[in-house]
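Be aware that the sequence shown starts at 1, since it is given in our numbering, and climbs by one per residue.
Structure first, then comments.
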Amino acid sequence: MAAQVEQLSAAVAALADAWAGALPPLTDPPQDLSAAVGEMNDPGLVAVLAAVGEVTKRAEVMGAVVAGEIARRSPREAGSQGL
């Protein structure tokens, strides 16, 4: 699973890079999410969406694996002793 965590971390770093690259240079980025997105250039906005998609995909895969393990450890017959 360490590789998956590293891949998620790399995807988050790529998102941060895409975010920074999408904003106008030499300005303080707005703190408000909507305002920051509104200031992004068109190619940067598309790159940010792609990066968000990659982060989401990797996080959802990890979440599914973890949920599967919780289900395995929580059989119905375990009752309140399961997770």
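Think of the CB as a built atom: it goes at the ideal place given N, C-alpha and C, for glycine as much as any other residue.
As the structure is a prediction and not an experimental result, all values here were calculated from the model.
Worksheet item: Mapping DSSP to helix, strand and coil, what is Met40?
Response: Sequence index remark: in the sequence shown, residue 40 carries index 40 (1-based). In the structure shown, Met40 sits in coil (DSSP, three-state: anything other than H, G, I, E or B).
Fill in: Rounded separation between Pro24 and Ala3 - CA only
Your numbering for residue 24 matches position 24 in the sequence shown. Your numbering for residue 3 matches position 3 in the sequence shown. About 34 Å.
Worksheet entry | For Gln4, the first and last residue of its enclosing alpha helix (DSSP H) | What you label residue 4 is simply residue 4 of the sequence shown in a count that begins at 1. Here the alpha helix (DSSP H) through Gln4 covers Ala2 to Ala22.
Fill in: Sub-9 Å separation of Met62 and Val12 beta-carbons
Looking up residue 62 in the sequence shown gives position 62. Looking up residue 12 in the sequence shown gives position 12. Against a cut-off of 9 Å, the Cβ pair of Val12 and Met62 comes out as no contact.
Worksheet item: Is the Cβ-Cβ distance between Ala59 and Asp17 less than 9 Å?
Response: Locating residue 59 in the sequence shown gives position 59, counting from the first residue. Locating residue 17 in the sequence shown gives position 17, counting from the first residue. Contact: no.
Discussion item. So for Gly82, helix, strand or coil by DSSP?
Written reply: Here residue 82 refers to the residue found at position 82 when the sequence shown is read from its first residue. Note: Gly82 maps to coil in three-state DSSP.
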